[in-house]
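*Asks:* Dumping the structure here so I can ask a few things about it.
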Amino acid sequence: MDDQKRRDAGMNVRRKVLGDAWVDKSIANRNAFNTDFQDMITRYAWGEIWTRPHFDERTRRVLVIGTMVALGQWDEFRLHVRAALAEGGFAPDDIKEILLQQAIYCGVPAANHAVKEASAIVQELGLLKS
1 MDDQKRRDAG MNVRRKVLGD AWVDKSIANR NAFNTDFQDM ITRYAWGEIW TRPHFDERTR
61 RVLVIGTMVA LGQWDEFRLH VRAALAEGGF APDDIKEILL QQAIYCGVPA ANHAVKEASA
121 IVQELGLLKS
């Protein structure tokens, strides 16, 4: 696959996973400093990795959310939790199960923070059950 095909495939997956609004905002914020980085992640993260056939999109979302907890990367964690709930067909209980699993393998402090962050998103999206 050449770079343009990888870029096109990556943009399609990126839009599907994160939603058009997020990707459009990201594109609108391109500038001389960050354009090369945006192009690289579109081609490689989205066009090379997310398009591989072995894992389905749902599995990849679970892996990313769990990895962001492990690394304490809260901006990316919030982005992917919101996208999973709004674009990916995840329910709040799906996110809760990922976080319970991560509490064991990443530690309670990381999971505690993740629950706080995810709870705010669930509430913001109107998905919080009484």
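Residue numbers (UniProt numbering): 1 to 130. Think of the CB as a built atom: it goes at the ideal place given N, C-alpha and C, for glycine as much as any other residue.
1) So the alpha helix (DSSP H) D8 belongs to, where does it begin and stop?
2) Where do the N-terminal and C-terminal ends of the alpha helix (DSSP H) with residue 187 fall, by residue?
3) Quick check: the Cα distance between G88 and A32, rounded to an integer number of angstroms?
4) Tell me whether the segment 34-50 and the segment 72-85 touch, counting them as touching only if at least three CB pairs, one residue from each stretch, are closer than 8 Å.
5) When the Cα atoms are used, what is the spatial distance from K16 to A9?
6) Taking contact to mean 3 or more Cβ pairs, one atom from each stretch, closer than 8 Å, check whether the segment 40-51 and the segment 82-102 are in contact.
7) With 16 as the cutoff for other CB atoms within 10 Å, does A110 come out buried or exposed?
8) Which value, in whole angstroms, describes the spacing of the CA atoms of L100 and E124?
*Replies:* Well, looking at it:
1) For D8, the enclosing alpha helix (DSSP H) covers residues 3-18.
2) Examination of residue 187 is not possible in this model, given that the chain is present from 1 through 130 alone.
3) Linking G88 to A32 through their CA atoms gives a straight-line distance of about 32 Å.
4) Output reads no: the segment 72-85 does not touch the segment 34-50.
5) Distance between the alpha carbons of K16 and A9: 11 Å.
6) Remark: fewer than three beta-carbon pairs, one from each stretch, lie closer than 8 Å, so the segment 40-51 and the segment 82-102 are not flagged as touching.
7) It counts as buried.
8) Those two C-alpha atoms are separated by around 21 Å.
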